[in-house]
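In full-length UniProt numbering, the protein residues as written are 1 to 176.
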């Protein structure tokens with residue numbers, strides 16, 4: 001039964017997450033945190049941070065890790081397969097149709113309507129991470145991490161992977 005749950009936890013966001021990995025992250029969070037209770041929001045944010053620091057598609061890295069934690073090696077395989085299966089099925093089944101209508105005004109309008117929805121979902125997820133950080137680490141540490149991250153990312157143009165590693169080191173030293 002756990003393998004079926006792992007499959008559904010990543011297949012459903014793969015179907016509904018129009019826009020790729022970043023669009024499906026809030027949907028995956030809903031499945032693994034709220035629906036199945038496999039991890040807390042804080043644990044999910046750590047998995048997300050590690051996934052962002054590594055090269056490659058984030059959704060498959062998260063599916064592999066969470067699948068492995070819940071179902072071992074077979075769980076990791078099922079999680080990764082479930083993540084890529086919707087895209088694979090759509091590419092095989094609809095490639096000709098998509099190519100034929102790619103310049104259609106209706107397709108362009110649909111894409112323009114979906115993008116703000118994805119932005120709202122990412123904003124809600126960011127707020128949940130901030131709220132979790134505020135309650136677990138306190139306002140002082142949260143403020144330091146936010147300010148330092150903004151400076152490193154925006155002012156000094158440091159690669160996000162280094163900022164994430166720095167934040168993890170800060171947490172390891174000051175937030176035991």
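Don't be surprised by glycine CBs; every beta carbon is placed ideally from N, CA and C. Nothing here was measured: the structure is a model prediction, and the numbers come from that model.
Through-space distance from residue j to residue i, alpha-carbon basis
i           : j           : result
residue 70  : residue 154 : 37 Å
residue 67  : residue 21  : 16 Å
residue 102 : residue 96  : 10 Å
residue 77  : residue 3   : 10 Å
residue 7   : residue 116 : 28 Å
residue 85  : residue 147 : 39 Å
residue 93  : residue 27  : 24 Å
residue 72  : residue 157 : 38 Å
residue 125 : residue 24  : 11 Å
residue 149 : residue 142 : 10 Å
residue 91  : residue 114 : 19 Å
residue 30  : residue 106 : 30 Å
residue 176 : residue 165 : 16 Å
residue 12  : residue 120 : 19 Å
residue 152 : residue 74  : 39 Å
residue 100 : residue 169 : 50 Å
residue 140 : residue 159 : 24 Å
Same chain, Cβ closer than 7 Å to residue i, neighbours up to 5 away in sequence not counted
i           : result
residue 42  : 132, 136
residue 61  : 51, 54
residue 83  : 10, 14, 59, 60, 63
residue 79  : 6, 10, 63, 64, 66, 67
residue 134 : 142
residue 36  : 5, 9
Selection from the options that minimises the alpha carbon distance to residue i
i           : options           : result
residue 10  : 138, 152, 81      : 81
residue 18  : 118, 138, 103     : 118
residue 34  : 15, 128, 162      : 128
residue 167 : 14, 110, 45       : 45
residue 15  : 104, 72, 140, 87  : 87
residue 49  : 140, 163, 172     : 163
residue 138 : 7, 171, 122, 29   : 171
residue 161 : 37, 31, 56        : 56
residue 145 : 12, 121, 173, 110 : 173
Closer than 7 Å: residue i CB and nearest the ligand PLP heavy atom
i          : result
residue 33 : Summarising the ligand content, the structure contains no ligands, and the ligand PLP is consequently not present.
Test: residue i CB closer than 8 Å to a CB of chain D
i           : result
residue 151 : Although the question refers to chain D, the structure presented lacks it and comprises just one protein chain.
Integer Cβ distance of residue i from residue j, believed to fall under 8 Å
i          : j          : result
residue 32 : residue 38 : 5 Å
To test your reading of the DSSP string, which unbroken alpha helix (DSSP H) runs of 4 or more residues are found completely within the region 121–163? 139–150
Taking only runs of the alpha helix (DSSP H) that begin and end inside the region 24–109, which ones reach a length of at least 4 residues, in chain order? 41–53, 58–100
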